[in-house]
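Asker: Its first residue numbered 2, the sequence shown is counted upward by one per residue in the numbering used here.
For each residue, glycine too, the CB sits at the ideal point set by N, CA and C.
Quick one: the structure is below, questions incoming.
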Amino acid sequence: MQQIYNWNELEEKMNRKKEMVLLKHSNTCPRSAKAYEECMLFEQNREVPVYYLVVQESRSFSNEIANRFQVTHQSPQIFYIKEGKVVWEAHHWDITEAKLTEAQKVADIG
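Structure below.
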């Protein structure tokens with residue numbers, strides 16, 4: 002997984018990648034640590050890249066994501082992005098490798 006720090010980096014990656022996953026990660030939350038592990042498992046078995054930001058280090062970026070994607074801020078929070086649009090979102094204990102796999106299947110169908 003690769004850490005990103007601002008909207009410009011995210012936008013560049015969205016322009017280059019058809020599909021991607023973005024995790025809003027808290028480095029002080031046990032739920033977020035588990036979500037991070039689940040994302041690593043997902044990425045190991047897929048060609049879909051997973052990026053993350055650390056909310057404590059990138060608060061304004063985290064807020065910008067909520068505004069631009071028109072979602073309520075959560076932490077941890079994950080987005081499955083296809084062609085620059087959020088096609089699936091989850092937070093807290095709903096972030097699992099299995100649910101990410103299902104989100105990928107739905108994105109590939111849609």
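State buried or exposed for Lys106, treating a residue as buried only when at least 16 other CB atoms are found within 10 Å of its CB.
Answerer: By the beta-carbon neighbour count (other beta carbons within 10 angstroms, threshold 16), Lys106 is exposed.
Asker: Based on the DSSP output, what are the partners of His26 in its beta bridges?
Answerer: Val55
Asker: Who are the Cβ neighbours of Gln3 in its own chain at under 6 Å, not counting the five residues just before and after it?
Answerer: Taken in chain order, the residues that qualify are Tyr52.
Asker: Could you please give the first and the last residue of the uninterrupted beta strand (DSSP E) stretch that includes Lys83?
Answerer: Gln78 to Lys83
Asker: CA-CA distance, Met56 and Lys25?
Answerer: According to the sequence provided, residue 56 is Val. The question's Met does not apply to it. Their backbone Cα atoms lie some 6 Å apart in a straight line.
Asker: Write down the C-beta distance between Ile79 and Ile96 rounded to the nearest angstrom, noting that I regard them as a contact closer than 8 Å.
Answerer: 5 Å
Asker: Closer than 8 Å by C-beta to Thr73: which residues in its own chain qualify, once you throw out the five before and the five after it? Chain order, please.
Answerer: Ala67
Asker: Return yes when the Cβ of Asn46 is within less than 9 Å of the Cβ of Glu98, no when it is not.
Answerer: The Cβ-Cβ distance between Glu98 and Asn46 falls below 9 Å.
Asker: Between Trp94, Asn9 and Glu12, which lies nearest to Tyr37 when the distance is taken from Cα to Cα?
Answerer: Trp94
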